[in-house]
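Report on one structure; see the data block that follows.
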Amino acid sequence: MDKQSEESLANPRPEKVSKLKGHFFVPSYQRGYRWGQHEVEALLNDIYACRDLDPGVKYCLQPIVVKERISGASADEAREGLPPPGTVYYELIDGQQRLTTLYLLYLYLKKVKGIVPGFNLAYETRPGSAAYLLDPTEAQRNANIDFFHMHQACQCIERWFQKRGEQTDDGQIAGVADDMYRHLREQVHVIWYDAGEQDSITLFTRLNVGRIALTNAELVKALLLSGKDAGTLNAHYRQVEIATQWDMIEQSLQDDAFWAFLTNHPASAYPARIELIFDLLAKKNTARSDRFFTFEYFKKQLDKLQHQNKGAKKAEANQGSAPQIAVWAPVLELYHLLREWFEDRDLYHKIGYLVAAGDKLGDLVGKATGEEAVTKSAFSTFLDDRIAGLLGLDATAARELDYEKHRRQCERLLLLFNVETVRLLDHSSERYPFDSHKKERWSLEHIHAQNAEPLKTDSEWRSWLADARRALCALPRFEDRQREDAKAGLLGAIDLTLDSDKGGISRGVFAALSRRVLDEFLNPDGTSQDEHSIANLALLSGAVNSALSNGAFQVKRLQLIDMDQDGRFIPVCTRRVFLKYYTRTDTQQMHLWSRADRACYLDAMFADPHVSPEGKEGVVWKYLKKPAAGAQA
């Protein structure tokens, strides 16, 4: 709590927890109950530590800030959870997480010792919260997120007592419960602050700005659910409307598929996922040092509208919507736009790819909603151009991509190849799983390493050489007589080795033959210059990549088939590569990744429909830069 806030509050005093009486009301501008195991256990440990203090020593917990009110006023008619008319109650401005947990602690003591809480609680935004807090059952815990956390806290409290009980001499909980109740009755205090006549919303904001646990989303919520007409029927309807829509948006964003489509941030970066939408509207730069930039943006918007209303005639102001609704409307509109993109299969894949590849969602939103907003068809064309610009490749440069020189471009290209392959599936509702994709760290895998060292048995060597022989025979006749004779000699050596049954094939013989086959069959002019080419690369997660042997195509193929059957996420194009999906059936052999295989693989990505014999268009061809009109291809 900052010094200015402390000095402005009336009569701070320590108040025994056991003396807290009456009805505490958590208003709608507050965040819901969110304490988890760490916070609950920390509070229990703090209270239990009183056993090490002298009996007369006070132990003070952090403050609670309240405002005394009387129910039954006209402003209270529509407020959920208030006591009967004429009853004094306390509007809880700060400290509701702690007070709710203390109440849940008393509920546990009631169960084991019959100790009844002296106070009760109700949350304005959660109808039935007072009743649920009397009996936080598992059956109702999923009714809303607050009830869920309350039930989890009850479970945490019970486990804590069980663990402490096991550590006592008699192994019983009763002694621990007695100690805890004695500490609450005699030693544990809260610092009680009376807000007096101060405006609750203003005080709540000032108390919480700068506190790490509070998020921009929670501060924005306080703004939207506030107003000078707070407590009136109109304000109540407005608050219910915004709170209901807020919960709907937050629940929708809890869908990991939707979340991964929108951002590369882990969910942990946004305790309230709706804050992502606020950041987009505020045009927040993630590099900004101001933690409350987004909150300040919305505060300025609301202040501006309230100032405009103040200057308008009363009748005109009454005819318009409340400033809070005007500030909230763009949030709702942006959510619906993002949801529309997510549900449109084409837009889902194009925007999802751009975001995954590092483009800014805010820029895409700006193009669709700004002053120069375009039609849906023009927006789709804009996305195509954006993807092409992100790649920045023409057909020649794309085919010459190299693992060692252009790793980042290779990753972007192969991701696009996978995403577009799924998007272009005819009569399919399948979608590329960006949520699964973003749970992994991705790397480039060599489809076929330039050695066959992982093969270790005679049967594996024979199978490998048999496929190698078939591949060599499929090569066109060399015009160079010396190279043709070398191929014939190599075929003869393979035949001789395969026909030999005495003692099997030795490791040395296989190593020599496999090296000759690989140099002759895979690499032009006997070099290894295409080992790192895009034609020999596929996209794999780091975990899957590290599990593969660094060897022959067939070994990796079998390992990947096993992983795919086990449910590991293997991108569609990587799976197709190792199933020889792209290779013409008349040239297929399963053990090697030949030059013919590579050519088919490149065509699947980059084939120009205007020059392809079959008029087939490569999956990513449309995103490659084209020669200017009239230029020579």
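For the sequence shown, my numbering gives the first residue as 407, with consecutive numbering after it.
Even for Gly, the Cβ is constructed at its ideal location relative to N, Cα and C.
Since the model is a prediction, treat every value here as computed from it, not as a measurement.
(message) Looking only at its chain, what residues have a beta carbon closer than 6 angstroms to the beta carbon of T991, apart from the 5 residues adjacent to it on each side?
(response) none
(request) Closer than 8 angstroms by C-beta to Q469: which residues in its own chain qualify, once you throw out the five before and the five after it? Chain order, please. (result) Per the sequence presented here, residue 469 reads as Pro, with Gln not at that position. Around P469: M407, P418, D500, G501, V596, I597, W598 and Y599.
(request) Could you have a look at R600 and say whether DSSP puts it in helix, strand or coil? (result) Reading off the sequence, residue 600 comes out as Asp, not Arg. Note: D600 maps to strand in three-state DSSP.
(request) Have a look at D683 and L625 and give me their C-alpha separation to the nearest angstrom. (result) What sits at residue 683 in the sequence shown is Ile, not Asp. I683 and L625: Cα-Cα distance of roughly 14 angstroms.
(request) Kindly list the residues whose CB is nearer than 7 angstroms to the CB of H1016, restricted to its own chain and excluding five residues on each side of it in sequence; keep chain order. (result) none
(message) Check this for me: beta carbons of I793 and Y754, under 8 angstroms apart or not?
(response) no
(request) Assign R475 to one of three DSSP states: helix, strand, or coil. (result) strand
(message) Quick check: the Cα distance between V522 and Y587, rounded to an integer number of angstroms?
(response) 11 angstroms
(request) Taking S842 as part of the alpha helix (DSSP H), name the residues at either end of that continuous run. (result) F840 to H843
(message) How far does the alpha helix (DSSP H) with W848 in it extend, from its first residue to its last?
(response) Where W848 is concerned, there is no enclosing alpha helix (DSSP H), although the beta strand (DSSP E) it sits in stretches over W848 to H852.
(message) Quick check: what's the CA-CA separation for S786 versus S535?
(response) 47 angstroms
(request) Please name the residue in L770, H444, N670 and E937 whose C-alpha comes closest to that of E810. (result) E937
(request) Return the first residue and the last residue of the beta strand (DSSP E) that E497 is part of. (result) V494 to D500
(message) Let me make sure I understand the geometry here. Which of E603, G602 and T621 has the alpha-carbon closest to that of T611?
(response) T621
(message) Could you tell me which whole alpha helix (DSSP H) segments of length 4 or greater appear in the region 643-707?
(response) 662-668 and 681-688
(request) Confirm, please, whether the CB-CB distance from L1008 to R847 is below 8 angstroms. (result) no
(request) Write down every uninterrupted run of the alpha helix (DSSP H) in the region 520-548 whose length is 4 residues or greater and which is fully enclosed by it, in chain order. (result) 535-540
(message) Are the CB atoms of H589 and Y454 within a distance shorter than 8 angstroms?
(response) yes
(message) Output needed for V915: all residues of its chain with C-beta closer than 7 angstroms, excluding positions within five of it in sequence on either side, in chain order.
(response) T903
(request) Could you tell me the boundaries of the alpha helix (DSSP H) in which G577 lies? (result) No alpha helix (DSSP H) holds G577; DSSP gives it neither H nor E.
(message) How far does the beta strand (DSSP E) with F431 in it extend, from its first residue to its last?
(response) G428 to V432
(request) Measure the CB-CB distance between V1026 and L822 and report whether it falls below 8 angstroms. (result) yes
(message) Quick test of your reading: A880 and V923, contact by CB under 8 angstroms. State the CB separation rounded to the nearest angstrom.
(response) Contact flag wrong, Cβ pair sits at about 13 angstroms.
(request) Can you have a look at H555 and say buried or exposed, based on whether 16 or more other CB atoms are within 10 angstroms of its CB? (result) buried
(message) Can you tell me whether R419 is helix, strand or coil according to DSSP?
(response) strand
(message) Let me check one thing: in DSSP terms, what residues is D808 bridge-paired to?
(response) S939
(message) Under 8 angstroms: do the region 737-745 and the region 675-691 share three or more Cβ pairs, one atom per stretch?
(response) yes
(request) Specify whether the region 775-783 and the region 829-842 touch according to this definition: at least 3 beta carbon pairs, one from each stretch, less than 8 angstroms apart. (result) no
(request) Closer than 6 angstroms by C-beta to H852: which residues in its own chain qualify, once you throw out the five before and the five after it? Chain order, please. (result) N942
(request) Can you give me the Cβ contacts of A944 inside the same chain, cut-off strictly under 6 angstroms, excluding the 5 residues immediately before and after it? (result) E851, I853, T980 and V983
(message) As a quick exercise: from I607, L770, A803 and K986, pick the residue whose alpha carbon is nearest that of Q436.
(response) I607
(request) Using the DSSP secondary-structure output, state which residues sit across from D709 in a beta bridge. (result) None, per the DSSP bridge assignment.
(request) Pair every Cβ in the region 649-668 with every Cβ in the region 756-772, then say whether three or more of these pairs are closer than 8 angstroms. (result) yes
(message) Only counting the same chain, and skipping five residues up and downstream in sequence, which positions put a Cβ closer than 8 angstroms to that of D584?
(response) K519
(request) Sort out for me which residues DSSP pairs V594 with in a bridge. (result) Y465
(message) DSSP has D925 in a bridge; who is on the other side?
(response) Note: D925 sits in no beta bridge, so no partner.
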